[in-house]
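A.B. asks:
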Amino acid sequence: MTNFSPEGTLYKTSENASYLKSLSTLTEALHEGKILEAKVRLCDTSHNMQLDLGGINGIIPRSEGAIGIKEGVIRDIAIISRVNRPVCFIITGIDRDQFGNPLIIASRRLAQERCMHSYINTLTPGDIINAKITHLEQFGAFADIGCGIPSLLPIDAISVSRIDHPGRRLRTGMNIKVIVKSCDNGRICLSHKELLGTWQENADLFETGQTVRGIVRSVEDYGAFIELTPNLAGLSELRPDLRPGMQVSVFIKNIIPSKMKIKLIVIDTFDSDSIIEEPNYFYNGSRIEQFQYSPIGCNKKIVTYF
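Numbering-wise (my numbering), the sequence shown opens with residue 1307 and increments by one.
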């Protein structure tokens, strides 16, 4: 769709490196208006970002550190949290420091505004895009969808199988695919679970009679829900030693597509907590109009429309 990507994507590319190698190539990037990436070496006491440009000093003034900083809409944590991380920027000028050495003046805000205008404002619900997890909260995960611009992935949109914290499924810095769920005045809300397969697609990975690994996601009065995949869980009998997050081995007693039910028997429990695995995507297109999780012929119909 576009070339705009989460921050860090451009950093190690040969094209980006070619622009950072000398003053003449940086001057070329200035004239071309290129979006580049470099690591933030430090933030000074005024929260100006000092860039590592391979021997040439660069600076992003605080007011140019992100959209909304100058207006007070965004807090300075959006700047100081970038130390030792790559940031995108557009070179706006070349000056001299107090010692007469070249000083590259750059703006991250301008790169973000270009990304907003040319990419993010063109997105519509159902578009599938790349994102990078930036931080986790109890209610969801924030993801960079381009040039460091964050969007929210609510906890209930991460997977069908319920989790008590996004950290059960995601980690900071993880690259994932997401679906644009809604757009409201430039604010993008994301979803993820529709890319992880339908009930039937996940159930087809298993057979009655198998013993497989699982993760306890919740313990109720009537049984324990055991996750087999992020979009598939079954119900086992209660055991006093079960707790959420515990790894278990389970025997698959029955698979019932008409009721979207999998009956399990816990064989053994393990003390170690579950490991965060890379997502397994069942759909790799660029857009989705609707997603029907429930199997054909099931008594209950679960459909998401975009």
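Just so you know, even glycine gets a beta-carbon here, dropped at the ideal spot from N, CA and C. As the structure is a prediction and not an experimental result, all values here were calculated from the model.
1) On the DSSP bridge assignment, give the partners of Glu1343 in chain order.
2) Reducing DSSP to helix, strand and coil, say where Lys1318 ends up.
3) Are Arg1414 and Met1355 close, meaning C-beta to C-beta below 9 Å?
4) Mapping DSSP to helix, strand and coil, what is Ile1373?
5) CB Tyr1345 to CB Tyr1317, shorter than 9 Å?
6) Could you give the first and the last residue of the continuous alpha helix (DSSP H) run that contains Leu1332?
7) Tell me the DSSP bridge mates of Gln1598?
8) To the nearest angstrom, how far is it from the Cα of Pro1460 to the Cα of Glu1583?
9) Is it right to say Val1609 is buried, meaning 16 or more other beta carbons lie within 10 angstroms of its own, or is it exposed?
10) Return the first residue and the last residue of the beta strand (DSSP E) that Leu1409 is part of.
11) Over the uninterrupted alpha helix (DSSP H) stretch that includes Glu1313, give me the two end residues.
12) Would you check if the distance between the CB atom of Val1522 and the CB atom of Gln1553 is smaller than 9 Å?
13) Assuming the contact rule is C-beta atoms closer than 8 Å, Asp1527 and Glu1313 should be a hit. Round their C-beta distance to whole Å, please.
14) For Ala1447, which of Val1393, Thr1478, Ser1387 has the nearest alpha-carbon?
15) Can we say the stretch 1414-1427 touches the stretch 1464-1473, given the rule of at least three CB pairs closer than 8 Å?
16) How is the beta strand (DSSP E) around Gln1553 delimited, first residue to last?
17) Taking the C-alpha atoms as reference points, what is the distance between Ile1411 and Ile1397?
18) Starting from Ile1435, trace the beta strand (DSSP E) both ways and give me its first and last residue.
19) Given this structure, state the Cα-to-Cα distance separating Asn1491 from Glu1500, to the nearest angstrom.
C.D. replies: In terms of the structure at hand:
1) Cys1394
2) It is coil, neither helix nor strand.
3) yes
4) If DSSP states are grouped into helix, strand and coil, Ile1373 belongs with coil.
5) Position check: residue 1345 holds Lys in this sequence, whereas Tyr was assumed. Their beta carbons are under 9 Å apart, which means Lys1345 touches Tyr1317 by this criterion.
6) 1329-1338
7) Val1609
8) 19 Å
9) exposed
10) Segment 1408-1413, the beta strand (DSSP E) holding Leu1409.
11) Per DSSP, Glu1313 belongs to no alpha helix (DSSP H) and is neither H nor E.
12) yes
13) About 46 Å; that fails the 8 Å criterion.
14) Thr1478
15) No: the two stretches stay apart, fewer than three of their Cβ pairs being nearer than 8 Å.
16) 1552-1562
17) 6 Å
18) Run containing Ile1435: 1434-1443, per the beta strand (DSSP E) assignment.
19) 24 Å
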